[in-house]
Each structure stands twice: as C-alpha cells, then as structure tokens.
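Residue numbers (this note's numbering), protein chains in the order written: chain A, 86 to 473; chain B, 86 to 473.
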C-alpha cells in the first residue's frame, strides 16, 4: 500500500528512457482534493539541485496539486538551463492536469552535473499523466528507484483517514535528509500550518536520525499532500503519531536497503543531559568509519565506540568518560569506561540488526536512537563504481 | 636520520614480547642535556589512555628527560590499574636513568581495553636502557610501529642546530591528532615557553591537517625535547620553520602509509573569507566517504566534492555555491558550480597523489590544504580485521 492508499490520490509510473536500465523512471502523484494542502522539507545542503529551488517556492504557500519525480538524473549543478528544465517540467504537468505550474512539486534523483534528456522526460510525463489511476501507487514507487533494490512504500491507518507513502534512497543517507525522495499522502483534513508542523516533527524524529554515510544530497525532498477526501479532521496527536510512524517505517526501509551494507546498526544513547547531547554522541558513533568497519567484521569493538563518543566536545554533551557503559546486542562489553563482560559473548555474525547502547549516566534526557549501516567491501565497490 | 641526529640524545628500541610478531616494541629516547626543556600536545579526545593522563602532568612543568614508548598495547580504558602500570613504567625508567619519574613521558599504542604485560614491558625497558646509544634512533623508530609498513623519521638542519624526529601512525589519522605518536628532538637552546608555542604552531599546521578517517585516538601524543647541546640559541622564526618542516614531513609520511590507501589526497581550499572557513570546507571534503570512494575508483566526481562543501553551514564558511570552481589534478572539472572541462581529461589511475582545489571566490584568506586518503577495499579489510 502506498501513496494511492488514502482517498483522493492518483499516481502513475512509466519508463521514459532516462534510466539506462530501461526501467520505470518517471512518476506522477496527483492530489484530486477537495483540499490541496501540502508541506515539504528539503536538504540542508547549500548546494541544491534545480528541482529543490523550484519546489521550495512551489510549496511555499502550503498548496500543491501534484508531484512529478524522475530518476535517471539529479538535475543538480546544471546552471540556469537546468532550472529552466525543471520549470518546463512543472509547466508541462500543469497543462496536462489543468492546474497552475506553481502548484507542481518537482523531484529528481540520479547523477549530478548532467542535463536531463528533456524530450524523453516530457514524453514520459505525458505518458504518466495518461496512466494516472487510483491503483498507480506501486508503479510510482518503482519509478523513483535508483540503486534501491526494493520499492519502499507504507500505509498507516487512522480513524477514518490514513497516511500512505513512498520513498527512494539507498546509501548517502544523512541527518537533515539524504539522497532521498519521499512522498507522503493523507486523506485527513489538515490546515497548512498543521501539515507543515507535523511533517517537520515526523522528519526530525525519523529521516533525520538515519545516517548511512554522513553525506547530504543536493536533492533530498520529503513532501506531504493532504486531500481531505476522508472528510475527517483528525485528532492532531493521532495524526502526528500516524505520520511519524509512516516516516519511521520508510526511514527504516532506507537503512535496510543501504548500498552494500551487511548490518543495520541502531545506536541508542541514554542518560544524556539533553536530547541534543544524546544526538551528538549517537551521530559521532554512527559516523565513525572505524566503528562501522568493526561491525562489518562482526567485532563488538567497544574501544572504538567510546573513542568516537569522546570526540564530542564537553560543552555539547557533558558526561564523565569514566562513567560510560556500552552494551552491544544485550552484552555489556564496557562498564564504567573499562572492560566489561566478555566480548566473545556478542554474536554479530548471526544478526543483520546490531543494537549498540551507550549509557552516559549524565542526565535524564529520553533515549535517542540513530540508525546507520556498517562499512563494507560492497559499499566501497558500489560507491567507487557508481558514476562509471 | 632521526631522534638521535641532534646532539645530546640517546635512544634504543628492543623486542620485549608485547607484539605478537616478535618485533621491536619498546623504545626509549633520553635527553642528556644540558637542557631538559620539553613540550607536548595530546589528543583532544575526552576518552584518553592512562599514558596521556600521566604525560600531561609529567610535561606540565616544561621539563622532561626521557620518553618511553611501547607498541603492542594502548593501555586505554584499563581503569586505575592501567594508570598504575603507566606510573610504574615511568618510575622504572627514572630509576634506571637516575632521573625523577615525573620527568619521564610515557606513550603507548595498540589495542584498547587490555592491560599491558607488565613483566615483559619492565624487562623491555631495562633492556632498552642498557642499549641506549647515540645511534639508537632507527631502532626506536622501528619499535613504535604498529600497522605501519615503514619507520618514519626526519632530520632538518638549522644553523649549528637541527631538528630530528620519529613518528608512528597508519590510519585513524584525524585533525587534532591521530593514532599517532611522535617524538621530535632538537639540540637548539630553547626556553619552555618557546618550545611550547613552537610545537603547538607546528602541529596546528601539519598533524592537525591530516585526516585519514575522521577518527581521533585515545593515545595521540607529540613530544618535543630540547637538549641545548648545540650551545646555539636559534632565531625564533628559523626554528619555527625547521620544526614545522620536520612535522610536515612526518605528517606527509603518515598519509603515505595510511592503512589500505591507494591515493594520497590533498584538498586545497582557496578564496575563503578566513582560515577557519577554508579549513571547515577542506575537512568536510576530506571526510566524505563518497568523495573518498570516488577517488578510489579513479573518478574525479566533482558533484560529490561540491555537495560535501555544501554541508558546511553558511555562518562557518560564507560563499556562493554558484561561484565554486573545482580543479582535480589540474583539470577544472567544475566551473561556477556547474559543468567545467571534460572529466575524462583527469587521469587518476596513474598517480598516487590527487590534488583537489576548491576555489570559493568569497575572500582573500590564504589557501589551506588538508591531506587524506581514499577509501578502499583494503581499508575496510584492515579495519574490520584489526582486533581479531
């Protein structure tokens, strides 16, 4: 179940020849209303692709009627011509659907620094518009895949309304978004402020806590479209929970499909003085190549874990290094900054999921979990060969 | 030529059985004076090994008469017992040399979280003291090697004085030091303030601008010993230049010997508004796994380079993303944030050294260069197998 699971949406995914594989590469998601409320969050990278520049403005008024997405080219670092390509794509969608180009969000993913094949893309958009249907969600989810090995979709039920979604992304995942495109849909009745606040909170707690290789892409976009077709105005907290749950499932699916990974690693930090402190320590650990290679080697190397924690400045995360406990998959391998239980008790070879818990014993902030992957031969292979 | 090249120093390196290879693993460097001026800089990691805790105090008064170093064990995260081991080692050296234990700097390198084999280490120190000679520098440099493939030594001549040095380190190199031990010696006459200031400036410009994998070790130490045996008080700027040059050569040797690397990568940032801004951009690029895997794949992937630059916040490094130029080994592959010269003109397969220059066109700060390595299959292999 995906973006077309909530009422009021049609979608399509077609092959336009942008991807060398010949697979589907143009997706269209349309909100048939009655409401056209929308919100979006974008990469915090200062180097942004043309579609991000366009879409920030398009969704700036809290209204959008369609999202057009293509794989096979990021349209990033393509200059004024690249921006014109995005603009023309939005206008073409607008004409086909009879809506304003300014209500069309555009997303692109693929290689940086190359112009899109506009004749192919334009024909693809025309074909996608003709193929729009209330069952088109799975095709759309397939069309946005790049190095993804599986399409990522979600559906979370509310009370008379629901949240659907699709995402693409594999590797290059980082806080404040990733090489990641995500469209969330709901038939709940929302106003623009509520949609914006709910989307920001959901991404903060989910996509922003996934950190595959510390990179931030030029194109990352998460869009929420609300059709209001259920006629139900949801309880705000219930809607927030459902939206966050949908985003969480998609974020988890991104980690599970990260390029070349052999483990999904959850780093949980407890006992920090603040959420900010806990996040900083968790991120320092998830970004350590030495921790990530150790996990690949099925080695619960707690020395590297606490040495990574030690790189966080004291004013960011106050704690006593001699108080740190580290638990890996339930075995407390480090106690009070020193040797704990026998590390040979930890079996990493047998589990895809690795749970690292670092107890700071410094305060009573709630636990924070950041997900990442191990650093493997396949990661090096896929990312050194990606553009060739 | 190494730590015993300047007058007034003796050194030794012996095999004590700490390393499973059976190679030399205990080094001793003694300053016979007449001066015993010393300075040191240590890791900025908050999780520090026992020898770092000890040596900070030992050198705190600007005086040291000997440095004892062991490979085969980091003595980190070993609790109060580990600190006692370091203390005992310093006392043993003091007794053998007839100096105060408080004037003995201790350095350890190897695995974290395991106690040292103290009977073996003590016997090794006794043997090293007996073997001390003015020709012992090369043996000492060999004894501090861990995964290093070559011993790293340096000698820079001044006017009637000189600077010698040795270092160990391969991988785990990061700003503000690395899994790296370095002893620098000089027979110039220095006072304690001058020695401290000169060492901090030299490390700031050299070791702190090497970033192999973003890690900071628990044990990193750089020590400077000044014997005054030349009887010459050097011109301060000349001494600074010589010390910085010695440190630069050792830092460059560390990069050249980084674990599993196939390229040495120099990232130079020009046209920043400040040195801080240039450094922040250079570090963001040298820490990007996507840039590092691309270099391994001999791919001058400028999109990943500018996307990494784009992760630096604007208040840290002001620049216009649409003004960025990127040159790789002399070919300007990105111009004004967009496509530049044909990237196929860049031949990375044929050169160990890769020079990336990013022109920000934002200010007139002097260029800053940070060195790193590519991310390779061998890096993953060596770091996933290190503790097994």
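The C-beta atom is built at its ideal place from N, Cα and C for all residues, glycine as well.
8 Å contact criterion, which residue 339/A and residue 383/A should meet: CB distance rounded: So it is not a contact: roughly 23 Å between Cβ atoms.
Short-range partners of chain B found in the segment 380-394 of chain A, where Cβ spacing is below 9 Å: 380, 381, 382, 383, 384, 386, 387, 388, 389, 391, 392, 393 and 394
Proximity to residue 120/A [Cα-Cα], best of 93/A, 232/A, 233/A and 405/A: Nearest neighbour of residue 120/A by Cα position, chosen from 93/A, 232/A, 233/A and 405/A, turns out to be 93/A.
Cβ-Cβ distance between residue 151/A and residue 114/A below 8 Å: yes
Test: residue 162/A CB closer than 8 Å to a CB of chain B: yes
Spatially closest choice to residue 289/A from 273/A, 223/A and 326/A, by CA coordinates: 326/A
Start and end residues, beta strand (DSSP E) containing residue 240/B: 237-242
Interface partners of residue 406/B on chain A, CB under 7 Å: Chain A residues near residue 406/B: 131 and 132.
Same chain, Cβ closer than 7 Å to residue 407/A, five either side skipped, listed in chain order: Cβ within range, chain order: 421 and 422.
Residue 264/B (DSSP reduced to helix, strand or coil): coil
Where the alpha helix (DSSP H) containing residue 381/A begins and where it ends: 374-381
Residue of 130/A, 242/A and 355/A minimising C-alpha distance to residue 443/A: Residue 443/A has its Cα closest to that of 355/A, out of 130/A, 242/A and 355/A.
Three-state secondary structure assigned by DSSP to residue 251/A: strand
Classification of residue 170/B by the beta-carbon crowding that lies within 10 angstroms, buried from 16 upward: buried
Contact set between residue 344/A and chain B, taken where Cβ atoms lie within less than 9 Å: The premise fails here: residue 344/A is roughly 10 Å from chain B at the closest Cβ pair, so nothing lies under 9 Å.
Under the three-state DSSP convention, the category residue 274/B falls into: The three-state secondary structure of residue 274/B, taken from DSSP, is coil.
Three-state secondary structure assigned by DSSP to residue 229/B: coil
Cut-off 7 Å between Cβ atoms - residues of its own chain near residue 334/B, not counting five sequence neighbours on either side: 239
Where residue 407/B falls: helix, strand or coil (DSSP): helix
Residues that residue 458/B contacts on chain A, provided the C-beta gap is smaller than 9 Å: Near residue 458/B there are no residues of chain A at all, since even the closest Cβ is about 11 Å away, more than 9 Å.
Residue 233/A classed as buried or exposed, judged by whether at least 16 other C-beta atoms fall within 10 angstroms: That one is buried.
Beta-bridge partners of residue 458/B, as assigned by DSSP: The partner list for residue 458/B (beta bridge, DSSP) reads 349/B.
Run of the alpha helix (DSSP H) containing residue 324/A, from where it starts to where it stops: Per DSSP, residue 324/A belongs to the alpha helix (DSSP H) from 321-341.
Continuous alpha helix (DSSP H) stretch holding residue 292/B: start and end: From DSSP, residue 292/B is part of no alpha helix (DSSP H); its letter is neither H nor E.
For residue 440/B, the three-state DSSP class (helix, strand or coil): strand
Span of the beta strand (DSSP E) around residue 214/B: From DSSP, residue 214/B is part of no beta strand (DSSP E) but of the alpha helix (DSSP H) over 203-216.
Start and end residues, alpha helix (DSSP H) containing residue 361/A: Membership of residue 361/A in the alpha helix (DSSP H) is indicated by the continuous run 360-371.
Alpha carbon of residue 104/A to alpha carbon of residue 192/A, nearest angstrom: Distance between the alpha carbons of residue 104/A and residue 192/A is about 15 Å.
Cβ pair residue 439/A, residue 295/A closer than 8 Å: no
Run of the beta strand (DSSP E) containing residue 193/A, from where it starts to where it stops: Start and end: 189-193.
Sheet register partners of residue 539/B (DSSP bridge): Since the displayed chain B opens at 86 and closes at 473, residue 539/B lies outside it and no answer follows.
Alpha-carbon spacing of residue 204/B relative to residue 399/B, whole angstroms: Residue 204/B and residue 399/B: Cα-Cα distance of roughly 55 Å.
Interface flag, residue 195/A vs chain B, CB-CB below 8 Å: No, residue 195/A does not count as interfacial toward chain B.
For residue 96/A, the three-state DSSP class (helix, strand or coil): strand
Chain-ordered neighbours of residue 422/B on chain A, where CB pairs are closer than 9 Å: 132, 162 and 164
Residues within the segment 441-467 of chain B neighbouring chain A, beta-carbon criterion of under 9 Å: Cβ contacts with chain A: 459, 460, 461, 462, 464, 465, 466 and 467.
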